[in-house]
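**Student:** Just so you know, we're using the UniProt record's numbering here: the sequence shown kicks off at 1 and counts up by one.
Each residue gets a CB set at the ideal place from its N, CA and C atoms; glycine is no exception.
Since the structure is predicted, the reported quantities are computational estimates derived from the model, not experimental observations.
Before we start, here is the structure in question, set down as structure tokens.
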Amino acid sequence: MNEKSNQIIQINTNDKKMPEPGGDIYIARDNVSMTISELNAPLVSVIVVGYNNLYKHTKICVECILNYTLDEDYELILVDNGSTDGTLEFFESVKHPKKKIIKITKNIGLFFGINSGIEIARGKFIAVISNDIYVTKNWLANLLKCAFSDERIGMIVPVSDNVSNLQAVDLDFNDFEDMQKKAAEFNKSNPRKWHEHLRLITAMAFYRRTCLDMLGKQDYGFFHDFGDDDITFRVRRAGYKAILCKDVFVQHAGIATRDPEVIRMSLEKGRTAFQEKYYGIDAWDDVNNFETSMMSFVKANKVSSKYAPNILGVDVRCGTPILELKNTLREQGSFNAELSAFSTKAKYWFDLKTICNGRVETDRPEYILQHFEEGYFNYIVVGQPLNSYGDPFLMLGYFLRLLKSDGQLLLKIRNTYDIGTFLKIMGFDVTTKDIHNLHHISIEELSEHLNTQGYFVKDVSIEQHSFNKEIKELLDSFNFTDNNAYIKATAKDFVINIKRS
């Protein structure tokens, strides 16, 4: 081999210092990241990925960044992801002292444009913005306040319109100017509105650079859908928190126009790929159990920066209900909740561990008392219907023993007297019972049993089945004796708040 063909790549580290070890792994990571970063690197790298739609979206998107990012140190990375409408020429005309442009000759996917921008980003934080996102006053300042509050925050997403996953906020604006005016009023930094989530939709996302370094690039397997779900899971499983920043509103002006069948097939493929990667975890069924009815019953016993309520989730899948309870208490002024979890399915242990600072145990339900101290929890949330357990009243007794005297027990009973069986006899394809071998328990029976234990049913809420139009029309034709009978026949679950008498 010709020695002259050898290539030597020299990396000059003469101006670098050995990093400090740090008090924990997160500080250690940040210390190393600071050591290897370039001198005079900006605080934030703002990446805009544009593919056509120059005058419809891209131009407005970039102008919003320039107009509403005035006091922060940032570089602007503009990625032309294969556009043919003059996007490159517009990017060249943009005036910003720290601007970089990437020209991709052919669009082979959004993931490629995002990864290309991240590869050249130098900031301690990285904002990835689609070209149909319009930022607003104080957007970056508020995101940074949230990020600086905890070195474990690795990913932040603002609220917006035209988004799912309970991330939408309706500012009821009339036009662009009205949107900016109302967003400026909305964007008041408020730590009570920093909500931790299991998964986030990322039309716009803000990352800690160290976190992204640990994760690596976007997974190529999620070419179209479920890339958002995947990146959030990876953030949490690397030990970081994913935060929905509800004190920042940005407009999501674009609306998907793909063929519904194409969307359905893409979602189906992405959902299957997610299950394959995460060993049976479903990004929807195992994560979207927000239990909004239960959360409406939650009241903080104390409002204090020192108050640390203890929360136990029982069979809450990946843990969304206990995170939502924690977020609800945070909005009420209680910031220091301790989360613990018990699951009868071991596949949920890892993700529960990512959000719990207390104990996480998996076992058969009858052994729950062996794992937790009696009288320890201020709140217990049971995600699985009480009447799905082998001995419902035995389990209820265990839950009450774990509860503090002034605590709240939140659970549900699956309605076993609904109209589902009749509808199946009529030939309708309905799934009204996704749990088999249910015990028949009425609210009255539960209430009587609780009274013997010194507790009572404080609140009851009903969650209805989601029937299609044809079934609803059939039900409307029935001669129910009263509206209460109709509600009971169509109820899926009774959501119950239990307190000590």
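To the nearest angstrom, how far is it from the Cα of R237 to the Cα of D230?
**Tutor:** Roughly 10 angstroms separates the two Cα atoms.
**Student:** Using three-state DSSP, classify W349 as helix, strand or coil.
**Tutor:** In the structure shown, W349 sits in a helix (DSSP, three-state: H, G or I).
**Student:** In the region 176-235, which residue ranges form an unbroken beta strand (DSSP E) of at least 3 residues, counting only runs that do not cross its ends?
**Tutor:** Runs found: 194-196, 204-208.
**Student:** Less than 7 angstroms separating the Cβ of A300 from some heavy atom of the ligand HEM?
**Tutor:** With respect to the ligand HEM, the structure shown offers nothing to examine, as it has no ligands at all.
**Student:** Starting from A242 and walking both ways along the beta strand (DSSP E), at which residues does that stretch end?
**Tutor:** First-last of the beta strand (DSSP E) with A242: 241-252.
**Student:** If contacts are defined as beta-carbon pairs under 8 angstroms, then G50 and V79 qualify, I think. What distance do you get, rounded to the angstrom?
**Tutor:** 7 angstroms between Cβ atoms; contact.
**Student:** In three-state DSSP terms, what is N81?
**Tutor:** N81: strand per DSSP, three-state reduction.
**Student:** Would you check if the distance between the CB atom of G383 and the CB atom of N289 is smaller than 8 angstroms?
**Tutor:** In contact: G383 and N289 (Cβ atoms closer than 8 angstroms).
**Student:** Pair every Cβ in the region 266-281 with every Cβ in the region 341-357, then say whether three or more of these pairs are closer than 8 angstroms.
**Tutor:** At 8 angstroms Cβ cutoff, the stretches touch.
**Student:** Determine, using beta carbons only, whether E92 and I101 come nearer to each other than 8 angstroms.
**Tutor:** Contact: yes.
**Student:** On a Cα-Cα basis, can you pick out the residue from A300, L43, D30 that is closest to residue 509?
**Tutor:** Residue 509 lies beyond the residue range present for the chain, which begins at 1 and ends at 501; the question has no answer from this structure.
**Student:** Who are the Cβ neighbours of D15 in its own chain at under 6 angstroms, not counting the five residues just before and after it?
**Tutor:** So no residue of the chain qualifies.
**Student:** May I ask which residues mark the beginning and end of the beta strand (DSSP E) holding Q464?
**Tutor:** 455-464 is the span of the beta strand (DSSP E), which, as asked, contains Q464.
**Student:** I'd like the ranges of any alpha helix (DSSP H) spanning at least 4 consecutive residues and lying wholly in the UniProt domain "Glycosyltransferase 2-like" (45-179).
**Tutor:** Taking only runs of at least 4 residues, the alpha helix (DSSP H) segments lying wholly in the UniProt domain "Glycosyltransferase 2-like" (45-179) are 59-68, 87-93, 110-120, 139-148.
**Student:** Kindly identify the DSSP beta-bridge partner or partners of A341.
**Tutor:** DSSP, once it has assigned bridges, lists G313, V360 as partnering A341.
**Student:** Please report the distance separating the alpha-carbon of S293 from that of L325.
**Tutor:** Going from the Cα of S293 to the Cα of L325 covers about 11 angstroms.
**Student:** Rounded to whole angstroms, what's the CA-CA distance from E444 to F480? Just pull it up for me.
**Tutor:** Distance between the alpha carbons of E444 and F480 is about 21 angstroms.
**Student:** Who pairs with Q408 in a beta bridge, going by DSSP?
**Tutor:** Beta-bridge pairing links Q408 to Y379.
**Student:** Would you please state the rounded distance, in angstroms, between the beta carbons of I201 and V128? I believe it to be under 8 angstroms.
**Tutor:** The pair is not a contact, with the Cβ atoms about 13 angstroms apart (cut-off 8 angstroms).
**Student:** From what residue to what residue does the beta strand (DSSP E) around R500 run?
**Tutor:** Here the beta strand (DSSP E) through R500 covers 491-500.
**Student:** For R414, which residues does DSSP report across the bridge?
**Tutor:** According to DSSP, which records beta bridges pairwise, R414 is partnered with D493.
**Student:** Determine the direct distance from the alpha carbon of K302 to that of I311, and round the result to whole angstroms.
**Tutor:** Computed Cα separation, rounded: 14 angstroms.
**Student:** What are the start and end residues of the alpha helix (DSSP H) that includes N451?
**Tutor:** Taken as a continuous stretch (DSSP letters only), the alpha helix (DSSP H) holding N451 covers 443-452.
**Student:** Residues in its own chain within less than 7 angstroms of F494 by CB, not counting five upstream and five downstream?
**Tutor:** Around F494: K412, I413, N415, I443, V460, I462.
**Student:** Using three-state DSSP, classify L403 as helix, strand or coil.
**Tutor:** Strand.
**Student:** Below 8 angstroms between beta carbons: does that hold for L212 and I118?
**Tutor:** Taking 8 angstroms as the Cβ cut-off, L212 and I118 qualify as a contacting pair.
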